[in-house]
Amino acid sequence: MKYRALILLLTALPAFAHHGDAGRYEENTVVMTGTVVEVQLVDPHSILVLDIPNDKGQVVRWQAELGGRTGLTKNFGWNKNTLKFGDKLTITGRRVKSGAPYINMTEKANIVMTDTGKEIFRTPNYEPPGAGAKQ
Numbered sequence: 065m066k067y068r069a070l071i072l073l074l075t076a077l078p079a080f081a082h083h084g085d086a087g088r089y090e091e092n093t094v095v096m097t098g099t100v101v102e103v104q105l106v107d108p109h110s111i112l113v114l115d116i117p118n119d120k121g122q123v124v125r126w127q128a129e130l131g132g133r134t135g136l137t138k139n140f141g142w143n144k145n146t147l148k149f150g151d152k153l154t155i156t157g158r159r160v161k162s163g164a165p166y167i168n169m170t171e172k173a174n175i176v177m178t179d180t181g182k183e184i185f186r187t188p189n190y191e192p193p194g195a196g197a198k199q
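So, in structure tokens, the structure goes:
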């Protein structure tokens, strides 16, 4: 029995470490608008590559990490035609603390088609930036 418990513990630790992001991402969300360059709709994590202008107007290539293809398809109806090169998106998510152009969209996140205002993705715990701020 002791060995079984030890095996369960040791196999659970890598999964927890993979999904634990404490300290990796900023707690507060940011909102950015950019243009789709590439969509990698795959499991376990899909990636959006976007060109987003910085404060100086220079275009920076960002990666946004979402959940996997299966969840995006099942929960939001995504398919290979949902997003295409050149689509304009407004995304909300959490930046990586290192300052790299990388944003996590697996929680506290949403995606809106900028031209139409249609929301195509929202995590269950999404709150618009500032919604939880104390006045």
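Sequential numbering from 65 applies to the sequence shown in the working numbering. Quick reminder that beta carbons are idealized off the backbone N, C-alpha and C, glycines included.
Within its chain, find whatever has a CB closer than 8 angstroms to the CB of residue 123; leave out the 5 residues flanking it on each side and keep chain order.
-> Taking the sequence shown and counting its residues from 1, one reaches residue 123 at position 59. Hits under 8 angstroms: 115, 116 and 117.
Decide yes or no for the touch test of the region 134-154 against the region 165-173: beta carbon pairs closer than 8 angstroms, at least 3 of them.
-> Cβ pair count under 8 angstroms is below three, so no.
Using the beta-carbon count (16 or more within 10 Å), is residue 149 buried or exposed?
-> Residue numbering aside, residue 149 sits at position 85 when the sequence shown is read from its first letter. Within 10 angstroms of the beta-carbon of residue 149 lie fewer than 16 other beta-carbons, which makes it exposed.
When DSSP labels each residue in this structure, what does residue 136 get in the three-state scheme?
-> Taking the sequence shown and counting its residues from 1, the one referred to as residue 136 is at position 72. DSSP places residue 136 in helix when its eight states are reduced to three.
Got a sec? Which residues, its chain only, sit under 8 angstroms from residue 110 by beta carbon, not counting five neighbours each side?
-> Numbered from 1 along the sequence shown, position 46 holds the residue referred to as residue 110. When the five nearest sequence neighbours on each side are left out, the beta carbons in the same chain lying within less than 8 angstroms of the beta carbon of residue 110 are those of 103, 104, 129, 130, 131, 132, 133 and 136, in order along the chain.
Taking the alpha-carbon positions, what's the residue 189 to residue 164 distance?
-> Against the sequence shown, residue 189 aligns to sequence position 125. Against the sequence shown, residue 164 aligns to sequence position 100. Between residue 189 and residue 164, the C-alpha separation is close to 24 angstroms.
Determine the extent of the beta strand (DSSP E) in which residue 104 is found, giving its start and end residues.
-> Your numbering for residue 104 matches position 40 in the sequence shown. Counting along the chain, the beta strand (DSSP E) containing residue 104 begins and ends at 94-104.
Comparing alpha-carbon positions, which option in 184, 158, 166 and 185 lies nearest residue 92?
-> To locate residue 92, count along the sequence shown from 1; it is residue 28. In terms of CA proximity to residue 92, 158 leads the group 184, 158, 166 and 185.
Does DSSP classify residue 193 as helix, strand or coil?
-> Here the question's residue 193 lines up with position 129 in the sequence shown. Looking at residue 193 - three-state DSSP - the assignment turns out to be coil, as it is neither helix nor strand.
Range of the contiguous beta strand (DSSP E) that encloses residue 152 | Along the sequence shown, read from residue 1 onward, the residue named residue 152 stands at position 88. Start and end: 152-159.
Give the straight-line distance between the Cα atoms of residue 96 and residue 142, rounded to the nearest whole angstrom.
-> Here residue 96 refers to the residue found at position 32 of the sequence shown. Here residue 142 refers to the residue found at position 78 of the sequence shown. So the alpha carbons of these two residues sit roughly 21 angstroms apart.
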